[in-house]
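Novice:
Residue numbers (this note's numbering): 14 to 334.
(1) The alpha helix (DSSP H) with residue 83 in it runs from where to where?
(2) Report the CB separation of residue 230 from residue 264 in whole angstroms; it is logged as a contact under 8 angstroms.
(3) Would you report the Cα separation of residue 121 and residue 223, rounded to the nearest angstrom?
(4) Using the DSSP secondary-structure output, state which residues sit across from residue 217 in a beta bridge.
(5) For the structure I just gave you, are there three or more beta carbon pairs, one from the region 78 to 86 and one from the region 127 to 145, closer than 8 angstroms?
(6) Residue ranges of each beta strand (DSSP E) run of no fewer than 3 residues wholly in the region 163 to 207, ordered along the chain?
(7) Are there 16 or more other CB atoms within 10 angstroms of the CB of residue 233, so buried, or fewer, so exposed?
(8) Reducing DSSP to helix, strand and coil, say where residue 134 ends up.
(9) Tell me, which residues are paired with residue 293 by DSSP?
(10) Quick check on the DSSP output: the beta strand (DSSP E) that includes residue 226 runs from which residue to which?
(11) Put residue 277 into one of helix, strand or coil per three-state DSSP.
(12) Could you name the residues of the same chain whose beta carbon sits closer than 7 angstroms to that of residue 192, not counting the 5 residues immediately before and after it, in chain order?
(13) Going by beta-carbon coordinates alone, are residue 184 and residue 245 separated by less than 8 angstroms?
(14) Relative to the alpha-carbon of residue 334, which residue among 115, 254, 296 has its alpha-carbon at the smallest distance?
(15) Which residue from 106, 171, 73 puts its Cα closest to that of residue 88?
(16) For residue 96, count neighbouring Cβ atoms within 10 angstroms of its own Cβ and tell me buried if that reaches 16, exposed if not.
(17) Could you pull out every residue in the same chain whose Cβ sits closer than 7 angstroms to the Cβ of residue 156, ignoring the five residues on either side in sequence?
(18) Comparing C-alpha positions only, which one of 291, 235, 330, 262 sits nearest to residue 341?
(19) So, using beta-carbon positions, are residue 305 and residue 273 closer together than 8 angstroms?
(20) Based on the DSSP secondary-structure assignment, which residues constitute the bridge partners of residue 271?
(21) Since residue 147 and residue 160 should fall inside the 8 angstroms C-beta cutoff, what is the C-beta to C-beta distance between them, to a whole number of angstroms?
(22) Which residue wins for smallest C-alpha separation from residue 254, given the options 268, 282, 260, 286?
(23) In whole angstroms, what separates the C-alpha of residue 145 from that of residue 98?
(24) Using a Cβ-Cβ cutoff of less than 6 angstroms, which residues in the same chain neighbour residue 243 once the five nearest sequence positions on both sides are dropped?
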């Protein structure tokens, strides 16, 4: 037993002696040169924020809600609260944490539970494109923790000719899943200093159908009309937009009530100037939302009359930027 112990100690001492002898040699040779390589990465700051853009003609949505179009972008999703009440979710954030604008204008919801999120006011036939800021939203887009969303409407732009020329852009959409249809667009005239266009859209759909029946309380109806005009003189440009939206009875299955109506007015005035190397932009907006919702028009009415509910709400928003 003592012989084995002595032999083990002798071997251990020999190993330690070898390691001690080899350590200076390794230090003298230096570490592997591959571990000392220096990698230099060079680049330049982008001149504008990175944007993701989606347009209805390139990514046709499955429904009337424009939030479903945004959901096709990486990192985005749809919170489906009804036919026209979908909220945009971006990188896990939604509601007021995502700055959503309609044609550059921010405004407050007029419905409890965000029954009218911003894209409720962006009919698909009037949308030119939807822009989403990747990462944190720029300060100019308003308060928000994640990518800002802006639904850009169609409009007649200035032309390069002094002669007034007519222009138009009309879209029609039909869906068999809910026997719905949408039709709308813009029409107007423009030259190199003046532009004007009228816009209108109407959408109507019944409850969504599936092979064994239909999903009750999913019908919708929405009307939008208005106009846009602008003047340009030298480096200065003025614009004015006026729009009204009337949402009639529309279903909201996840909520305790459905939309009876949303009557909303939008106004926005803009000014822009290119002053050499400096660009100046200013905008003033106003939105007025009137709303009613109840639990007995679209869905089965409560058996007890005391459980009938109808709620009214109103919101006004003034903005300057």
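From the three backbone atoms N, C-alpha and C, an ideal C-beta is built for every residue, glycine too.
Specialist: Once the coordinates are examined:
(1) 80 to 83
(2) 4 angstroms
(3) 35 angstroms
(4) 194, 234
(5) yes
(6) 178 to 188, 193 to 203
(7) buried
(8) helix
(9) 286
(10) 226 to 228
(11) strand
(12) 218, 219
(13) no
(14) 296
(15) 106
(16) buried
(17) 112
(18) Beyond the ends of the chain as shown, which are 14 and 334, falls residue 341; an answer cannot be given.
(19) yes
(20) 307
(21) 6 angstroms
(22) 282
(23) 19 angstroms
(24) 208, 252
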